[in-house]
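Since the structure comes first, as structure tokens, the remarks are kept for the end.
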Amino acid sequence: MTTAFTSPLPEDIDTLWERRSELTPDHTEARDVIVGAVDELDTGKARVAFVDESTDEVVVDERAKRSILLSFRVLAMEEAEVGGFHYHDRIPLKTRFDGVRVVPGAVARWGSYLAPGVVLMPSFTNFGAWVGSGTMVDTWATVGSCAQVGENVHLSGGAGVGGVLEPPQASPVVIEDGAFLGSRSMVVEGARVRRGAKLGAGTILTSSTRVFDAESGDELPRGEAPAWSVCVTANRVKSFPGGDFGMPCLLVLKRLEAGEEHDKLALNDLLREHGVNA
1 MTTAFTSPLP EDIDTLWERR SELTPDHTEA RDVIVGAVDE LDTGKARVAF
51 VDESTDEVVV DERAKRSILL SFRVLAMEEA EVGGFHYHDR IPLKTRFDGV
101 RVVPGAVARW GSYLAPGVVL MPSFTNFGAW VGSGTMVDTW ATVGSCAQVG
151 ENVHLSGGAG VGGVLEPPQA SPVVIEDGAF LGSRSMVVEG ARVRRGAKLG
201 AGTILTSSTR VFDAESGDEL PRGEAPAWSV CVTANRVKSF PGGDFGMPCL
251 LVLKRLEAGE EHDKLALNDL LREHGVNA
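Going by my numbering, 28 is the number at position 28 of the sequence shown; the sequence numbering is gapless.
Given below as structure tokens:
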């Protein structure tokens with residue numbers, strides 16, 4: 001059982017949620033409360049979800065998600081310019097980058113948190129996401145809305161971490177500390193990549209993906225890459241009235257010792273080094 005959790009965000013958010021259909025940018029008091037709550041997410045003082053160390057369960061702060069959704073009702077559309085690029089949106093870009101390396105072409109939206117030591121190559125980090133210290137978000141990688149990415153993670157080029165805002169009870173994607181997502185891999189629908197897991201290039205993991213151990217043939221919990229494992233997308237034959245078809249699954253090829261790096265995934269520390277002690 002998950003221990004009791006009390007959101008650090010104000011209870012006013014729940015009251016405003018009940019009357020959300022009537023809110024507009026003209027409701028200045030409501031806007032101040034909501035903007036203040038999202039600022040707590042932007043600074044890392046609150047977050048949409050976290051792993052409860054005592055139960056190993058993902059705990060979701062529904063009030064945080066509500067704050068994000070409410071902001072779309074109380075923030076007006078505004079135009080912005082960056083050089084020759086023109087934008088028209090309700091949500092501004094992030095401006096807090098203390099200790100973060102942001103390479104030109106990287107985009108992070110207000111309400112996302114980037115810990116000191118994060119490296120953003122030209123990539124996209126969405127509203128409500130949380131990215132831990134020492135993590136590399138590589139070129140064209142995407143961190144979706146409310147996604148939770150731990151420390152010292154590597155999201156390789158083109159990797160996609162899915163987002164979630166609705167339904168309100170849905171859990172976000174969780175990528176735990178020390179994980180590696182290979183190029184063009186996708187983790188979506190609240191799936192979970194556990195500590196130190198390595199996903200090969202092009203791996204697809206959803207909350208309903210079946211997971212098998214290649215050595216034993218045992219089926220493991222769905223939608224999870226086991227801790228300290230090396231995983232790839234595979235196919236498992238399933239019979240239908242129309243014939244036998246290969247259905248995608250996650251195959252655990254190898255188990256690593258805790259803290260061990262796979263020899264084919266050695267990373268160049270120089271890419272992460274930018275003079276910041278996280």
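Glycine included, each C-beta is placed from N, C-alpha and C at the ideal position.
Everything numeric in this text was worked out from a predicted model, so none of it was measured.
Three-state class that DSSP yields for residue i in the structure shown
| i | result |
| --- | --- |
| K65 | helix |
| D213 | strand |
| A106 | coil |
| R101 | strand |
| S183 | coil |
| A170 | coil |
| A234 | strand |
| G84 | coil |
Beta bridge counterpart(s) of residue i as assigned by DSSP
| i | result |
| --- | --- |
| A49 | V60 |
| I175 | V149 and V193 |
| T142 | F124 and G160 |
CA-to-CA distance, residue j to residue i, given in whole angstroms
| i | j | result |
| --- | --- | --- |
| D23 | P8 | Here residue 23 turns out to be Leu, not Asp, going by the sequence shown. In a straight line, the C-alpha of L23 is about 23 Å away from that of P8. |
| V232 | G217 | 15 Å |
| V82 | G111 | 20 Å |
| L253 | W228 | 11 Å |
| E11 | R19 | 14 Å |
| R236 | G243 | 14 Å |
| L41 | P226 | 28 Å |
| A170 | E62 | 9 Å |
| E215 | R96 | 46 Å |
| Y87 | E78 | 8 Å |
| E224 | V137 | 21 Å |
| R73 | R31 | 9 Å |
| P172 | R255 | 26 Å |
| D39 | G128 | 10 Å |
From the options, residue whose alpha carbon lies closest to that of residue i
| i | options | result |
| --- | --- | --- |
| N152 | G158, A108, D26 and K198 | K198 |
| A64 | H88, G36, D56 and R90 | G36 |
| E219 | V230, C249, F240 and G200 | C249 |
| E29 | L114, F5 and I13 | I13 |
| D56 | R194, G158, L181 and V119 | R194 |
| D177 | G259, F240 and V161 | G259 |
| A76 | A108, P25, P241 and A234 | P25 |
| G132 | A141, W17, L155 and P116 | P116 |
query: Are there three or more Cβ pairs, one per stretch, closer than 8 Å when the stretch 48 to 63 is compared with the stretch 138 to 153?
result: yes
message: Pairs of beta-carbons, one from the stretch 204 to 221 and one from the stretch 180 to 196, closer than 8 Å: are there three or more?
response: yes
message: Tell me whether the stretch 60 to 77 and the stretch 149 to 167 touch, counting them as touching only if at least three CB pairs, one residue from each stretch, are closer than 8 Å.
response: yes
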